[in-house]
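Novice:
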Amino acid sequence: MEKLEQAKTKKKINLENLSENLLVIFLILCPIFDIVSFVFRNTFNTSISPSTILRPIIPLIVLLDIFVKSKKKLRIFLVVLAYGIYALIHLLLFNTANTGFSYSNVVHEMQYVMNYTFMIIILFIYIYVFKDKDKSKLQRAAISSVSIYIASIILSIITNTSSTTYIEGTGLKGWFESGNSISAVLTLSIFVLLSTNDKNYRKIIIGEIIILGIFLCMVIGTRVGLFGFIVALVSFVFAEIVGKLISNDKINKKFVASGIIAILAVVLIVAVVGSNTLERRKHLKEIEGDIVDTSTNSEAHITGSLLEIKQKIDNGQIEDTYMNKAQKKSLLELYDIANKWDISNNDQRIQQLIYNALLVKNQANPLLIIFGNGYMNQYRELVMEMDIPAFLFNFGIIGFLLYFGPFLAIFIYGIYFGIRKIRHIDREYIMYVLGIGLAFAISVFSGYVFFNMSTSTMIAVICALLINKIFSIKQELADVKKKPDKIQKNV
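In my numbering, each number is its position in the sequence shown, counted from 1, plus 239.
#1: So, for Gly528: in the same chain, excluding its five sequence neighbours on each side, which residues have a beta-carbon less than 6 Å away from its beta-carbon?
#2: State the Cα-Cα distance for the pair Ile392 and Val458, rounded to the nearest angstrom.
#3: Is the stretch 610–625 close to the stretch 332–348, with three or more CB pairs under 8 Å?
#4: From which residue to which residue does the alpha helix (DSSP H) around Lys312 run?
#5: Based on Cα-Cα distance, which residue from Lys567, Gln587, Ile636, Ile274 lies nearest to Thr400?
#6: With DSSP as the reference, label Glu538 as helix, strand or coil.
#7: Specify the secondary structure class of Asp532 as computed by DSSP and reduced to three states.
#8: Taking Cβ to Cβ, would you say Ser731 is nearer than 9 Å to Phe277?
#9: Is the beta carbon of Asn691 sitting closer than 9 Å to the one on Ser420?
#10: Have a look at Lys489 and Val672 and give me their C-alpha separation to the nearest angstrom.
#11: Quick check on Thr403: does DSSP put it in helix, strand or coil?
#12: If you draw a straight line from the C-alpha of Ser343 to the C-alpha of Met353, how long is it?
#13: From the DSSP output, in three-state form, read off Ser711 for me.
#14: Under 8 Å: do the stretch 363–374 and the stretch 413–428 share three or more Cβ pairs, one atom per stretch?
#15: Return the CA-CA distance between Gly482 and Thr435, expressed in angstroms with no decimal places.
#16: Can you give the Cα-Cα distance for Asn491 and Leu433, rounded to whole angstroms?
#17: When you compare only the Cα positions, how much space is there between Val622 and Glu715?
#18: Considering Cα atoms alone, identify which of Ile698, Phe632, Gly644, Ile669 is closest to Ile681.
#19: How would you call Phe187, buried or exposed, if buried means at least 16 neighbouring beta carbons within 10 angstroms?
#20: Count the C-beta pairs between the stretch 592–603 and the stretch 653–668 that are closer than 8 Å, then say yes if the count reaches three, no if not.
#21: In terms of DSSP beta bridges, what is Leu411 paired with?
#22: Mind checking Thr696: buried by the 16 CB within 10 Å criterion, or exposed?
#23: Whose C-beta lies closer than 6 Å to the C-beta of Arg280 among residues of the same chain, with five residues either side of it excluded?
#24: What number of angstroms, rounded off, separates the C-alpha of Glu407 from the C-alpha of Glu518?
#25: Below 8 Å on the Cβ atoms is my contact criterion, and I expect Glu572 with Leu597 to pass it. Report the Cβ-Cβ distance as a whole number of Å.
#26: Applying the 10 Å Cβ sphere with the 16-neighbour rule, what's the burial state of Lys721?
#27: Kindly list the residues whose CB is nearer than 7 Å to the CB of Ala450, restricted to its own chain and excluding five residues on each side of it in sequence; keep chain order.
#28: Apart from the five residues just before and just after Asn563, which ones in its own chain have a Cβ nearer than 7 Å to its Cβ?
#29: To the nearest angstrom, how far is it from the Cα of Phe340 to the Cα of Tyr561?
#30: Less than 9 Å between the beta carbons of Val424 and Ser693, yes or no?
#31: On a CA-only basis, which of Ile382, His540, Arg294, Ile548 is nearest Arg588? Give me that one, please.
#32: For Leu320, which of Ser422, Thr356, Asn260, Val301 has the nearest alpha-carbon?
#33: If you drop the 5 nearest sequence neighbours on each side, which residues of the same chain put their C-beta closer than 7 Å to that of Leu261?
#34: Nearest to Ser486 by alpha carbon, out of Ile267, Arg662, Phe306?
#35: Look at the alpha carbon of Tyr325 and the alpha carbon of Ile469, and state the distance between them as a whole number of angstroms.
#36: On the criterion of 16 or more Cβ atoms from any shown chain inside 10 Å, does Ile706 qualify as buried, or is it exposed?
This is how it looks when you write it as structure tokens:
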């Protein structure tokens, strides 16, 4: 009888940990999903891969498990309904704003809407499941995930099957689709690795950080990798110093000195040995003069394709069915601003930002401002790579609040709580806040951060670890308050 009760208890515990274990597996599988997606798409020249179908399975199982067990089913249903209604309205408006100038159609736009909705689901389930659980499982899963990334990259380089980061052949990015995305996910994972206090994994973490440093700073060729890695190291040293000052502990001078030496060593090696990132910057500088603006007989300040369209607008060769008045006006204003500000024709991100801001102003449509004018409704070179501005301009105020709002709220609350309970935070807490902050910075200056599922999953994990840390601090403070009461009762 006793054995039967023990078996029932064990089964109950296993069922309670189901979501927890599934999310750990999901994080470990992220690099595998990315590799399968890249290999399949490039082999069969298709936009769909097995990962497209397999990736959502675990999060949806966990969401269903949470919904069944939750006592707040109505609240969850209403939130899901809100996202669904927004998606429907956004896609309907997308069709009204769609022209021949648009990069793609409503099906492609729906893919982005689904991706961002899925991103919010991942954020919710990781926070919900791990808010009061043992965070070491999640940290170990991040270590395992990074190990798979590293192993695959090394194998791709050894077998000479690595894809190049850029079209001209600069940089190596392994079996992954986007250099910026893989740089972002690996850079952000460093914040989790350096926050892990498990001594059993210390040597593995140090080894991973060294390999990541070489790859991100010298091999892949992205600014996200080079500057992101340096920022991660600086953040770690900063968090260690501030954490010790807060707790009135003695600062480990050797530790801090080692961190500073490591940062200086990275800068020195990159400067002396070289980096694919610097090679890429040099190449872009060299080809700036290849595009000439015939109207001024000087170097152009927008891309060649946009310059060609601008000239056709001037000559009245573009019909309103291909480009509406707001689009034409925005492109002409972009041209004037680019010339005035002496913008590089290679700097597509700033051109995208200026054009999309001008388009919202020139459209002057309240519905499009609220629900978005459509991410895929822009010309191919003007589709915004920077996620956060895209949330606001292309998905509207409501889209910005629904997709980016939860991440921003966690970041702001993390800062607020940290200031209020400054005596109780430590290096780990500071690293999580800085990690989220860096994710925002990468999203603005580089882009395709939140859209990439593995990167947004890593951001969700950092957010979940921060909430877990806040929850544990609150629990500790509550326990301290209860102690005097217990002592008084005993007396």
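We treat Cβ as the ideally placed atom computed from N, Cα and C, and that holds for glycine.
Specialist: Put simply:
#1: Glu538
#2: 11 Å
#3: yes
#4: 312–336
#5: Ile274
#6: strand
#7: strand
#8: In the structure as shown, the chain starts at 240 and stops at 730, and residue 731 therefore has no counterpart that could be examined.
#9: yes
#10: 23 Å
#11: strand
#12: 16 Å
#13: helix
#14: no
#15: 15 Å
#16: 16 Å
#17: 48 Å
#18: Ile698
#19: Here the chain comprises residues numbered 240 to 730, so residue 187 is not present and cannot be evaluated.
#20: no
#21: Thr403
#22: buried
#23: Ser288
#24: 11 Å
#25: 5 Å
#26: exposed
#27: Correcting the residue type first, residue 450 is Ile in the shown sequence and not Ala. Counting only Cβ-Cβ distances below 7 Å, and skipping sequence neighbours, we find Ile389.
#28: Thr338
#29: 5 Å
#30: yes
#31: His540
#32: Thr356
#33: Ile297, Ile300, Val301
#34: Arg662
#35: 39 Å
#36: buried
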